[in-house]
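S.K.:
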Amino acid sequence: MSRLLIGKKAPSFRAKAAQGDKIIDGFSLDDFLGQYVVLFFYPLDFTFVCPTEVHAFQEALQQFKQRNAQVIGCSVDSGFSHLAWLSTPKAKGGIEGIEYPIISDLNKKIANDYGVLHEEEGIAYRGLFLIDRQGMIRHLLINDFPIGRSVEEVLRILDALICFEMHGEVCPANWSVGKKTMQPDAVGLVHYFS
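Mapping the sequence shown onto our numbering, position 159 (from 1) lands on 472, and the numbers just tick up by one.
(1) Which residues mark the beginning and the end of the alpha helix (DSSP H) in which Val500 is found?
(2) Based on Cα-Cα distance, which residue from Phe340, Asp457, Phe354 lies nearest to Phe426?
(3) With three or more beta-carbon pairs closer than 8 Å as the criterion, would you say the region 461-470 touches the region 364-382?
(4) Quick one: grab the DSSP three-state call for Cys363.
(5) Out of Gly347, Gly320, Leu342, which one is the CA nearest neighbour of Gln447?
(6) To the nearest whole angstrom, what separates the beta carbons of Ile444 and Ala323, a pair I think is in contact under 8 Å?
(7) Check for me: the beta strand (DSSP E) holding Gln383 runs from which residue to which?
(8) Going by the CB atoms, is the gap between Phe359 and Gly406 shorter than 8 Å?
(9) Would you kindly report the start and end of the unbroken beta strand (DSSP E) that includes Lys329?
(10) DSSP on Val467, reduced to helix/strand/coil?
And the structure:
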């Protein structure tokens, strides 16, 4: 059964996560309160679209850090599988050099709690959740297995949230940094289109 998580507290968990060459016990989103969190799920380690996404987030990691955002990956693989993938070179389909944590959701509870578990396959869809500094989900996107995500779009959405929080103005369609925002009322809409 699916439930909409927008505007709700991100489901909490404690899990193992791999980062660098170690496994972290008791990894929790609570450790990142006060920061934005980009939590993304991918189906499996050692697959095909997944490493392209994992590397794409790494390539933009500094841009996320500049926005006070922590990137976190998650799949249903074990922490040991994550470590093996982290030690496999990119040229061989691995994710060597990834700096951000990758959660092990071996019992599939996290994917289920976030509504991204494909129960028949036992793996997660490509779910992405933007969590604000208070731990609330402000954006989510779920792609089917063959469709990779755009990290540029994730940054644009994060910028829109930051802009709204700083200025109280809303961001219209196709907005990006430097473009016009508007007051969230009828007068603002008229002004925007004029």
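Ideal Cβ positions, reconstructed from N, Cα and C, are used throughout, including at glycine.
M.R.: Result, derived from the coordinates:
(1) Where Val500 is concerned, the enclosing alpha helix (DSSP H) starts and stops at 499-506.
(2) The sequence shown places Asp at residue 426, not Phe. Comparing Cα-Cα distances from Asp426 to each of Phe340, Asp457, Phe354, the minimum goes to Phe354.
(3) Yes, the region 461-470 is in contact with the region 364-382.
(4) Note: Cys363 maps to helix in three-state DSSP.
(5) Closest option to Gln447, Cα to Cα, is Gly347.
(6) About 5 Å separates the two Cβ atoms, so the contact holds.
(7) That run of the beta strand (DSSP E) goes 382-388.
(8) Taking 8 Å as the Cβ cut-off, Gly406 and Phe359 qualify as a contacting pair.
(9) Counting along the chain, the unbroken beta strand (DSSP E) around Lys329 starts and ends at 328-332.
(10) Helix.
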